[in-house]
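Structure, as structure tokens:
In UniProt numbering, the protein residues as written are 1 to 285.
Right under this line is the structure:
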């Protein structure tokens, strides 16, 4: 059964008790799951928020990124060791929240570019770090859903074909893939082919409009995306990822310079839209 989730980054990138009223209202709105960004340092808060979600009967997923100082594709062994340490910390916080899926572009540093196309050595370095991270994640019951980003945010994995190449090298059951409609809208020729390519590894999906606002209000071909997901019998989470300037520091870091839609409008209209798409295309609801 496909549960529907919402990423609370539309309100805050910080995991704290201040987000609890948002979680409560998402549950009341009809969501099955919530997604948190793992980055804020208060470890105790992750346990508190995770317990709150469990008490509400909400599933949890997480998303995170790594920076230049902890880049898994650095040619520095010391930096790659820091990358693994960072991933272990993110796994621990995800476990505290009760998350089974940890997604994001954790294969390489976000918005850090080299003056060349991705190289074999970089895929190898990333795979080595991620395999070790998968070993650490397995006892915690956490599975990575690696994310391909558009060319303006990373260069190692922009497409499902590149992501598949990396996952074949990682070769670990706890290191899988996710699909994001926003990034795929930029980089993939067709959603159908992309989803079929990543199908053997797919564990998570972000439903995200071309402008990061309300799904269904933009130009993304969601009919094709949902039909393709139904075609591979996808049964994982369908999580809305939308952004706002409610958290200015985070918004600045990802280039969100205006409000696309009000977060609660996105949450309410987006839930109805996904339910309609699932019904239309035969996904499991």
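Positions of the beta carbon are idealized from the N, C-alpha and C atoms, including for glycine.
#1: Whole angstroms is fine: what's the gap from residue 278's alpha carbon to residue 284's?
#2: Can you say whether residue 61 is buried or exposed, counting buried as having 16 or more other CB atoms within 10 angstroms of its CB?
#3: What does the alpha-carbon distance come out to for the pair residue 53 and residue 216?
#4: Let me know if residue 93 comes out buried or exposed under the rule of 16 or more other beta-carbons within 10 Å of its beta-carbon.
#5: Entirely within the segment 175-234 and at least 3 residues each: give me those beta strand (DSSP E) ranges in chain order.
#6: By alpha-carbon positions, which one of 17, 41, 29, 148 ends up nearest to residue 164?
#7: Can you have a look at residue 272 and say buried or exposed, based on whether 16 or more other CB atoms are within 10 angstroms of its CB?
#8: Taking the alpha-carbon positions, what's the residue 221 to residue 182 distance?
#9: Given this structure, state the Cα-to-Cα distance separating residue 1 from residue 115, to the nearest angstrom.
#10: Can you tell me whether DSSP reads residue 60 as helix, strand or coil?
#11: Give every residue of the same chain whose Cβ lies closer than 6 Å to the Cβ of residue 9, excluding the five residues on either side of it in the sequence, and list them in chain order.
#12: Could you tell me which residues DSSP puts in a beta bridge with residue 102?
#13: Can you look up residue 46 in the DSSP assignment and give me helix, strand or coil?
#14: Would you kindly work out how many angstroms separate the C-alpha atoms of residue 56 and residue 229, rounded to a whole number?
#15: Identify which residue in 32, 59, 66 has its Cα closest to the Cα of residue 40.
#16: Considering only residues of the same chain and omitting the five flanking positions on each side of residue 151, which have a CB-CB separation below 8 Å?
#17: Rounded to whole angstroms, what is the Cα-Cα separation between residue 268 and residue 242?
#18: So, does the segment 140-147 touch the segment 92-106, judging by three or more C-beta pairs under 8 Å?
#19: Tell me which same chain residues have a C-beta within less than 8 Å of the C-beta of residue 212, skipping the five on either side of it?
#20: Just to confirm my understanding: we take residue 113, look at its own chain, exclude 5 residues before and 5 after, and list those with CB closer than 7 Å. What are they?
#21: Going by other Cβ atoms of all chains shown within 10 Å of its Cβ, with 16 needed for buried, is residue 200 buried or exposed?
So, to answer that:
#1: Whole-angstrom Cα-Cα distance: 7 Å.
#2: Result: buried.
#3: Cα to Cα, residue 53 sits roughly 28 Å from residue 216.
#4: Burial state of residue 93 is buried, judged by a 10 Å Cβ sphere holding 16 or more other Cβ atoms.
#5: Correct list: 175-180, 202-207.
#6: For residue 164, the nearest C-alpha among the options comes from 148.
#7: Exposed, because fewer than 16 other Cβ atoms sit within 10 Å of the Cβ of residue 272.
#8: In this structure, the alpha-carbon of residue 221 lies about 10 Å from that of residue 182.
#9: Computed Cα separation, rounded: 44 Å.
#10: Three-state result, residue 60: strand.
#11: So the list reads 37, once near-sequence residues are dropped.
#12: Checking the DSSP bridge columns, you'll see residue 102 partnered with 62, 144.
#13: Three-state DSSP puts residue 46 in a helix.
#14: Taken atom to atom, the span from the alpha-carbon of residue 56 to that of residue 229 is near 28 Å.
#15: Taking each of 32, 59, 66 in turn and checking the Cα distance to residue 40, the smallest one comes out for 66.
#16: So the qualifying residues of the chain are 158, 186, 187.
#17: Approximately 12 Å between the Cα atoms of the pair.
#18: Yes, the segment 140-147 touches the segment 92-106.
#19: Excluding the 5 residues flanking it on each side, residue 212 has same chain C-beta neighbours closer than 8 Å at 182, 241, 242, 243, 256, 260, in chain order.
#20: Cβ neighbours of residue 113 beyond the five flanking positions: 155.
#21: By the 10 Å Cβ count, residue 200 comes out exposed.
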